[in-house]
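Colleague: Per my numbering, the very first residue in the sequence shown carries number 419; after that it's consecutive. We treat Cβ as the ideally placed atom computed from N, Cα and C, and that holds for glycine.
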Amino acid sequence: VYIRKHPLEIPPPSEKDWLKDDEEDFFLQDPDRKRDALPQPFRMINKLVMLVFENAMEIIERREMLREAQKLKVQPTKCFPTAEFQVTGRANCLAVSGKYIFVGLSVGLSAFKVSDCKEVCAWDAVKTEICAIHALDLGNECHVLLAVDEMGLVWLFCFHKESFVLIKILNEVEDISRRSTCVEVVLSPGGDYAGVLLQGNTKAWLEIYRLPKDSWLKEMEKSPGAAAGLACRERRSSWTSVGDIFLLQESPVSANKADAKLSLPVLLLKVKPPKPITGSSFKSPLDALKKVDDDSMLGLGYNHLIKDSQWEQQEAIFRSTYRDYLEAEGERESKEEIPRHATFHFLLPSWILQVGPEMKVQPGVPAGISVHWDGSHNFCLYLLNRPLKEKVDSDPKPDVVWPCAAPIACSAVSSCSRYLALACEDATITIWDKHLGYPLSVTAILEERLIRSIYFL
């Protein structure tokens, strides 16, 4: 055991450990003591300045790291315009079909060649502003165009051998108070059909037209000189060497040929939004089954046995049960409104859209359309090859109905027209194989998300 012999003592301070105020190089030897010796508020200011300096250095280092990481990524190719061309008025929209570019202007339409960007024809007979264009190549130097102007009118054109020919204004009416505006226009692949979604003052509907493109080609070949009529003016273009800019100078020479008379499109369907489901007046299930056509047990839900009193009782129970939630959300009583917008697609023949043996089906030609209205649970399919005895003005019933568990938010069809995607308001996405007739996958997004659009890549 070790035992200290002498008691522990604290040595007295010596003179050499004392601070000497008269020492000149004291602060130079110990810079930290100089900072501690600063009086307030200078010490606080010094700390803030150092904090700002350290934060600035961190930001600089972070930006340098991001810049180095960006250099390692594959840089996208930058494309610069090779030529510029001027148009009359203001350009609102454009569409490419074959070797032509169609531009919607504030005064009409213009057509340019893709190869040299030269204007070949212009249409400004009415001086109307074109807001949207849909164009499709029909072959044999013939193109079909659907143009929507600022008033919502749909203009159907045929562009043949560098000349515009106006065929018809699809939604033109004599009574202005009954005029409807176009909401959406869709051309089917191949140009056999055209769909126009129209909206009036209090209602909306969908019109499907059959385009007689074969008749147009024959009529154009019979009268090749008449196609250049209808207020098409030619323009001379001068190429400038500086900046590769086209300056288009209008020529006083205009076409003096007669207007072409082409076959008019045929209205096939006029689809209206589904009416709200109300109480039934049927007394027995047999009466409801008599209203079902073609032995189909799936419909829009109108043929049921639920009375008005049962709907009212269910609504009363719901409001009494969730009264606190309804008052917290400030729900206002409002009448159920009829849907004003629909999404529709042209579909090729498949198992889910079977055509009868009496109807002829051509490969690559749509056999039907799919329609779903906003807020509706039903995905409706209509056949395009309908009997001629059925009136167009009557509200056609869908040939196939797919009821969904939630209202359909949006839909999409793949470019090959084989796959169909349905997205509902409960964030559920279903992919269907239309050729085989069964769903490939069902994906539910767990988080509360609202799907607004869906596309196939």
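Please name the residue in C600, P607 and P814 whose C-alpha comes closest to that of P692.
Modeller: For this step, residue 692 is matched to residue 274 along the sequence shown. Out of C600, P607 and P814, P814 has the C-alpha closest to the C-alpha of P692.
Colleague: Since L554 contacts L605 with CB under 8 Å, what's their CB separation in whole angstroms?
Modeller: In the sequence shown, the residue the question calls residue 554 occupies position 136. In the sequence shown, the residue the question calls residue 605 occupies position 187. That pair is a contact at about 5 Å.
Colleague: Select from G516, Y837 and H763 the residue whose C-alpha is nearest the C-alpha of S859.
Modeller: If you number the sequence shown from 1, residue 859 lands on position 441. That would be Y837, whose Cα lies nearest to the Cα of S859.
Colleague: State the DSSP-derived secondary structure class of Q617, mapped to helix, strand or coil.
Modeller: The residue you call residue 617 lines up with position 199 of the sequence shown. Strand, per DSSP.
Colleague: Since I872 and A845 are thought to touch, with beta carbons under 8 Å apart, how far apart are those beta carbons, to the nearest angstrom?
Modeller: Within the sequence shown, numbered from 1, the residue matching residue 872 stands at position 454. Within the sequence shown, numbered from 1, the residue matching residue 845 stands at position 427. With a Cβ gap of about 12 Å, I872 and A845 do not count as contacting.
Colleague: For a quick check, are the C-beta atoms of R624 and V521 less than 8 Å apart?
Modeller: Residue mapping note: residue 624 aligns to position 206 of the sequence shown, counting from 1. Residue mapping note: residue 521 aligns to position 103 of the sequence shown, counting from 1. According to the sequence as given, residue 624 is Leu; it is not Arg. No, the pair does not count as a contact, with Cβ atoms beyond the cut-off.
Colleague: From the DSSP output, in three-state form, read off A845 for me.
Modeller: Sequence index remark: in the sequence shown, residue 845 carries index 427 (1-based). Correct three-state label for A845: coil.
Colleague: Would you please state the rounded distance, in angstroms, between the beta carbons of G557 and G782? I believe it to be under 8 Å.
Modeller: Taking the sequence shown and counting its residues from 1, one reaches residue 557 at position 139. Taking the sequence shown and counting its residues from 1, one reaches residue 782 at position 364. Their Cβ separation, rounded to whole angstroms, is 13 Å, which puts G557 and G782 out of contact at 8 Å.
Colleague: Taking DSSP as the reference, what is the three-state secondary structure of R480?
Modeller: Within the sequence shown, numbered from 1, the residue matching residue 480 stands at position 62. Helix at R480.
Colleague: In or out: K631 buried (at least 16 other Cβ within 10 Å) or exposed?
Modeller: For this step, residue 631 is matched to residue 213 along the sequence shown. Buried: at least 16 other Cβ atoms inside 10 Å.
Colleague: From this set, L616, S681 and E602, which residue's C-alpha is nearest W634's C-alpha?
Modeller: The residue labelled residue 634 in the question sits at position 216 within the sequence shown. Nearest option by C-alpha distance: S681.
Colleague: Measuring only the C-alpha atoms, how far is E559 from D534?
Modeller: The residue labelled residue 559 in the question sits at position 141 within the sequence shown. The residue labelled residue 534 in the question sits at position 116 within the sequence shown. For E559 and D534, the distance between alpha carbons rounds to 18 Å.
Colleague: Output the residue ranges of the beta strand (DSSP E) runs that lie fully inside the segment 571 to 606 and measure 3 residues or longer, sorted by chain position.
Modeller: Qualifying beta strand (DSSP E) stretches, in chain order: 572 to 578, 582 to 587 and 599 to 605.
Colleague: Would you mind reading off the limits of the alpha helix (DSSP H) that contains I637?
Modeller: On the sequence shown, position 219 is the one that residue 637 refers to. Per the sequence shown, residue 637 should be read as Glu rather than Ile. Unbroken alpha helix (DSSP H) run through E637: K631 to K640.
Colleague: Quick check on Y856: does DSSP put it in helix, strand or coil?
Modeller: By one-based count along the sequence shown, residue 856 stands at place 438. Reduced to three states, the DSSP call for Y856 is strand.
Colleague: Would you call the CB atoms of L799 and D817 closer than 8 Å?
Modeller: The sequence position of residue 799 within the sequence shown is 381, counting from 1. The sequence position of residue 817 within the sequence shown is 399, counting from 1. Against a cut-off of 8 Å, the Cβ pair of D817 and L799 comes out as a contact.
Colleague: Thinking just about the alpha-carbon of each residue, which of I478, F530, E602 and W769 is nearest to the one in L854?
Modeller: The residue labelled residue 854 in the question sits at position 436 within the sequence shown. If we check each option's Cα against that of L854, W769 comes out closest.
Colleague: L563 lies in the beta strand (DSSP E); which residues open and close that run?
Modeller: Mapped onto the sequence shown, residue 563 falls at position 145. Looking at the DSSP string, the run of the beta strand (DSSP E) that includes L563 is C560 to D567.
Colleague: Taking all protein chains shown into account, do 16 or more other C-beta atoms lie within 10 angstroms of the C-beta of F445, making it buried, or fewer, making it exposed?
Modeller: As a first step, residue 445 must be located in the sequence shown, where it is residue number 27. Unreliable positioning characterises F445 in this predicted model, as indicated by a pLDDT of 48, which lies under 50. A coordinate reading is not provided.
Colleague: Any idea if S595 is buried or exposed, counting beta-carbon neighbours within 10 angstroms, 16 or more meaning buried?
Modeller: The residue labelled residue 595 in the question sits at position 177 within the sequence shown. That one is exposed.
Colleague: Bridge partners of L687, per DSSP?
Modeller: Within the sequence shown, the letter at position 269 stands for residue 687. Beta-bridge pairing links L687 to I626.
Colleague: From the DSSP output, read off the bridge partner residues of I519.
Modeller: Counting from 1 along the sequence shown, the entry for residue 519 is found at position 101. The partner list for I519 (beta bridge, DSSP) reads V514 and F530.
Colleague: Select from K640, I548, L687 and M638 the residue whose C-alpha is nearest the C-alpha of L615.
Modeller: Residue numbering aside, residue 615 sits at position 197 when the sequence shown is read from its first letter. Among K640, I548, L687 and M638, the Cα nearest to that of L615 is on L687.
Colleague: For P784 versus Y627, is the C-beta distance shorter than 8 Å?
Modeller: Translated into positions along the sequence shown, residue 784 becomes position 366. Translated into positions along the sequence shown, residue 627 becomes position 209. Not in contact: P784 and Y627 (Cβ atoms no closer than 8 Å).
Colleague: Could you check if I863 is buried or exposed, using at least 16 other CB atoms within 10 Å of its CB as the buried criterion?
Modeller: Here residue 863 is taken as the residue at index 445 of the sequence shown, counted from 1. With fewer than 16 Cβ atoms within 10 Å of its Cβ, I863 is classed as exposed.
Colleague: Could you tell me if N796 is buried or exposed, where buried requires 16 or more neighbouring beta carbons within 10 angstroms of its beta carbon?
Modeller: The residue labelled residue 796 in the question sits at position 378 within the sequence shown. So N796 ends up on the buried side.
Colleague: Do F762 and V789 have their C-beta atoms closer together than 8 Å?
Modeller: The residue given as residue 762 occupies position 344 in the sequence shown. The residue given as residue 789 occupies position 371 in the sequence shown. Cβ atoms of F762 and V789: closer than 8 Å.
Colleague: How long is the line joining the alpha carbons of W791 and G613, rounded to whole angstroms?
Modeller: In the sequence shown, residue 791 corresponds to position 373, counting from 1. In the sequence shown, residue 613 corresponds to position 195, counting from 1. For W791 and G613, the distance between alpha carbons rounds to 15 Å.
Colleague: So, A565 versus I587, is the Cβ gap smaller than 8 Å?
Modeller: Locating residue 565 in the sequence shown gives position 147, counting from the first residue. Locating residue 587 in the sequence shown gives position 169, counting from the first residue. Cβ atoms of A565 and I587: not closer than 8 Å.
Colleague: Can you have a look at K465 and say buried or exposed, based on whether 16 or more other CB atoms are within 10 angstroms of its CB?
Modeller: Residue 465 sits at position 47 when you count from the first residue of the sequence shown. Exposed, since its Cβ has fewer than 16 Cβ neighbours within 10 Å.
Colleague: Does any CB atom of chain B fall closer than 8 Å to the CB of D817?
Modeller: Included in the structure is just one protein chain, with no chain B present.
Colleague: Below 8 Å CB to CB, which residues in the same chain sit around A760 once its five sequence neighbours on both sides are set aside?
Modeller: Along the sequence shown, one-based indexing puts residue 760 at 342. Excluding residues within five positions, the ones whose Cβ falls inside 8 Å are L615, A622, L624, V689, P691, V789, H790, W791 and D792.
Colleague: Would you call N619 buried or exposed, if buried means 16 or more other Cβ atoms sit within 10 Å of its Cβ?
Modeller: Walking along the sequence shown from the start, residue 619 turns up at place 201. Label assigned to N619: exposed.
Colleague: With a 10 Å radius around its C-beta and 16 neighbouring C-beta atoms as the bar for buried, classify M638 as buried or exposed.
Modeller: The residue labelled residue 638 in the question sits at position 220 within the sequence shown. It is buried - the Cβ of M638 has at least 16 other Cβ atoms within 10 Å.
Colleague: Excluding the 5 residues preceding and the 5 following P821 in the sequence, name in chain order all residues of the same chain whose CB lies nearer than 6 Å to its CB.
Modeller: On the sequence shown, residue 821 is found 403 positions in, with the first residue counted as 1. Here the set comprises H795 and N796.
Colleague: State the start and end residues of the unbroken beta strand (DSSP E) segment that holds S788.
Modeller: The sequence position of residue 788 within the sequence shown is 370, counting from 1. Per DSSP, S788 belongs to the beta strand (DSSP E) from G786 to W791.
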